[in-house]
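Going down the list, the protein sequences come from chains A and E.
Heads up: the first sequence at position 112 corresponds to 133 in this note's numbering, and the numbers run straight through without jumps.
Heads up: the second sequence at position 4 corresponds to 5 in this note's numbering, and the numbers run straight through without jumps.
Positions of the beta carbon are idealized from the N, C-alpha and C atoms, including for glycine.
Here the structure is laid out as structure tokens; the discussion comes afterwards.
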Amino acid sequence: MSPNLQVRHFSALGSTCELIAVGASPAALERCQALVLDADARLTRFVRDSELSQLNATNGRPMPASPLLYGMLEAGLHAYEASGGLVNIAVLPALCAAGYDRPFRLGLSEPSTLHPPVTPALPDVLWLDRASHTVAVAPGAALDLGGIAKGALADLLIAELGENAVCNLGGDLRVRGAGPRGDGWHVGLCDGSAVALTDGGIATSGTTRRRWGKGMHHLVDPRTGLPVYTDLTEVSVVTDTALHAEIYAKTAVLMGSAHGLPFLSQRADHFAVVAPPVPAAAA
Amino acid sequence: MSTLVSEKTLKRVAIIGTLLLTGVFGAVVAAAPKPPAAALHPSLRVLPAGSEVHTQTYVS
């Protein structure tokens, strides 16, 4: 490893974050960490007075948004379009109905009966006014930025770390530069393989973490309002940005292998998947 | 009417013509560059199994 390598780990965005940089000052990593923590405070849905919670409580009234929140909402709309509506940040009411209505560390319980609300088309319930930077969410709708925030934030903050760095926010990461040994940053993917990358984004989505009850997990299919049943349990994507990697990986998991693998073949620079073994036919 | 070119001659011409065309266009096809296999992005390289990594992507 390079003697100029700076590494920092901390908890934010409901997961572990990792900043790695060659040639950056400790102050640069400190500043980047502070920006991640500030974003976490603004964008969490679990704190009543966070900026996102305030937006979710506006009941349709427009409110001014910080540049950060505005950018994340734009990223949410982009994700909706790029995924054909499968990656939808308006899925929050369905996620809460499934039991994910508090921070995961507090423990979740499976609802005795499940009546998933219909998830609306995002453009029908989220309005952005670019000129005034005001935003509004339709009455009854609510947003969860989740992985979209991690990916978009990694893309946004990589510049804080200099020309040779990794910004890994809970597994969604953006890299740039030749890494500590000059041959790129080496990143492990979900299937145990690894790539070296000098510029781009990588993210993994799946159903193997944040599970509770009997088969409940955090990846809700907006078409059903239920945790998705899929034959792709994890997907890692390498592409131009962390946001796109997050969108493509999540879309593929939601699609399943039949449509998800062709979807990835057309968009990703590289991808890896984990799929459960197909059960043998009954004898 | 008299037949100016015999059927046998026509067959020979057809065979020779086919061989010539095959030779010419076959050479062109052989010389043409093959379409590239799905190329990785220039900034990306797949590492050998068991390589050490600096960081990891994962479901969170």
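One or two residues paired with residue i in a DSSP bridge
i, result
"Gln57/E", "Gly209/A"
"Gln27/A", "Ala42/A"
"Gly35/A", "Partner(s): none; Gly35/A has no beta bridge."
"Glu237/A", "Residue identity differs from the one stated: residue 237/A is Met in this sequence, not Glu. Answer by DSSP bridge pairing, in chain order: Trp233/A."
"Ser257/A", "Thr225/A and Ala293/A"
"Thr155/A", "Pro85/A and Asp150/A"
"Pro248/A", "Val241/A"
"Asp193/A", "Leu190/A"
"Arg66/A", "Per DSSP, none; premise fails for Arg66/A."
"Pro46/E", "According to the sequence shown, residue 46/E is Arg rather than Pro. Answer by DSSP bridge pairing, in chain order: Ala217/A."
Presumed contact (8 Å Cβ cut-off) between residue i and residue j, rounded CB distance
i, j, result
"Ala296/A", "Leu253/A", "6 Å"
"Ala265/A", "Leu45/E", "Here residue 265/A turns out to be His, not Ala, going by the sequence shown. The Cβ separation is near 14 Å, so there is no contact."
"Thr228/A", "Val249/A", "7 Å"
"Ala96/A", "Val57/A", "The pair is not a contact, with the Cβ atoms about 16 Å apart (cut-off 8 Å)."
"Gly198/A", "Thr219/A", "6 Å"
"Val146/A", "Ala111/A", "6 Å"
"Ala279/A", "Val256/A", "With 8 Å as the limit, Ala279/A and Val256/A do not qualify as a contact, their Cβ atoms being about 14 Å apart."
"Asp165/A", "Leu116/A", "6 Å"
"Ala175/A", "Arg195/A", "4 Å"
"Ala289/A", "Thr260/A", "5 Å"
"Pro114/A", "Pro132/A", "About 13 Å; that fails the 8 Å criterion."
"Ser61/E", "Ser36/A", "4 Å"
"Leu129/A", "Tyr121/A", "6 Å"
"Ala263/A", "Asp193/A", "5 Å"
"Asn80/A", "Pro160/A", "5 Å"
Interface partners of residue i on chain E, CB under 8 Å
i, result
"Ser32/A", "Simply none; closest approach about 11 Å."
"Gly221/A", "His42, Ser44 and Leu45"
"Asn185/A", "Within 8 Å Cβ-Cβ: nothing; Asn185/A doesn't reach chain E, min ~11 Å."
"Ile41/A", "His55 and Thr56"
"Ser36/A", "Ser61"
"Gly44/A", "Near Gly44/A there are no residues of chain E at all, since even the closest Cβ is about 15 Å away, more than 8 Å."
"Cys211/A", "Thr58, Tyr59 and Val60"
Neighbouring residues, chain A, relative to residue i (Cβ below 7 Å)
i, result
"Ser52/E", "His207 and Ala215"
"Val60/E", "Gly192, Thr225, Ser226, Gly227, Thr229, Arg230 and Glu255"
Closer than 7 Å: residue i CB and nearest the ligand GTP heavy atom
i, result
"Gly128/A", "In the structure on display, the ligand GTP does not appear, and there are no ligands present to speak of."
Proximal chain E residues relative to residue i, where beta-carbon distance stays under 7 Å
i, result
"Val259/A", "Leu45"
"Gly105/A", "None at all; the shortest Cβ gap to chain E is about 22 Å."
"Leu218/A", "Ser44 and Leu45"
"Asn189/A", "Thr56"
Chain-ordered chain E contacts of residue i [CB-CB under 9 Å]
i, result
"His291/A", "Leu41, His42, Leu45 and Val47"
"Leu64/A", "Within 9 Å Cβ-Cβ: nothing; Leu64/A doesn't reach chain E, min ~15 Å."
"Asn25/A", "The premise fails here: Asn25/A is roughly 14 Å from chain E at the closest Cβ pair, so nothing lies under 9 Å."
"Gly200/A", "His55"
Assess, as a yes-or-no matter, whether the stretch 99 to 110 of chain A is touched by the stretch 263 to 282 of chain A under the definition of 3 or more beta carbon pairs within less than 8 Å. Of all C-beta pairs linking the stretch 263 to 282 of chain A to the stretch 99 to 110 of chain A, three or more are shorter than 8 Å, placing the two stretches in contact.
Check whether the stretch 46 to 61 of chain A touches the stretch 173 to 182 of chain A, taking contact to mean three or more Cβ pairs, one atom from each stretch, closer than 8 Å. Pairwise C-beta distances place the stretch 46 to 61 of chain A in contact with the stretch 173 to 182 of chain A, as three or more of them are shorter than 8 Å.
With contact counted as at least three CB pairs below 8 Å, one residue from each stretch, are the stretch 218 to 234 of chain A and the stretch 161 to 173 of chain A in contact? Touching, yes, given that three or more Cβ pairs across the two stretches are closer than 8 Å.
Is there contact here, the stretch 37 to 44 of chain A with the stretch 186 to 194 of chain A, by at least three beta-carbon pairs under 8 Å? Output reads yes: the stretch 186 to 194 of chain A touches the stretch 37 to 44 of chain A.
Quick one: any contact between the stretch 234 to 251 of chain A and the stretch 63 to 74 of chain A, if contact means 3 or more CB pairs under 8 Å? The stretch 234 to 251 of chain A makes no contact with the stretch 63 to 74 of chain A, as fewer than three CB pairs between them are under 8 Å.
Count Cβ pairs between the stretch 201 to 219 of chain A and the stretch 39 to 56 of chain E that sit closer than 8 Å; are there 3 or more? Taking a contact to require three or more Cβ pairs closer than 8 Å, the stretch 201 to 219 of chain A and the stretch 39 to 56 of chain E qualify as touching.
Could you tell me whether the stretch 84 to 102 of chain A touches the stretch 151 to 159 of chain A, where touching means 3 or more Cβ pairs closer than 8 Å? In short, these stretches touch, since the Cβ pair count reaches three.
Which complete alpha helix (DSSP H) runs does the stretch 101 to 146 of chain A hold, if anything under 4 residues is left out? Listed in chain order, the alpha helix (DSSP H) runs fully inside the stretch 101 to 146 of chain A are 113 to 118 and 143 to 146, counting runs of at least 4 residues.
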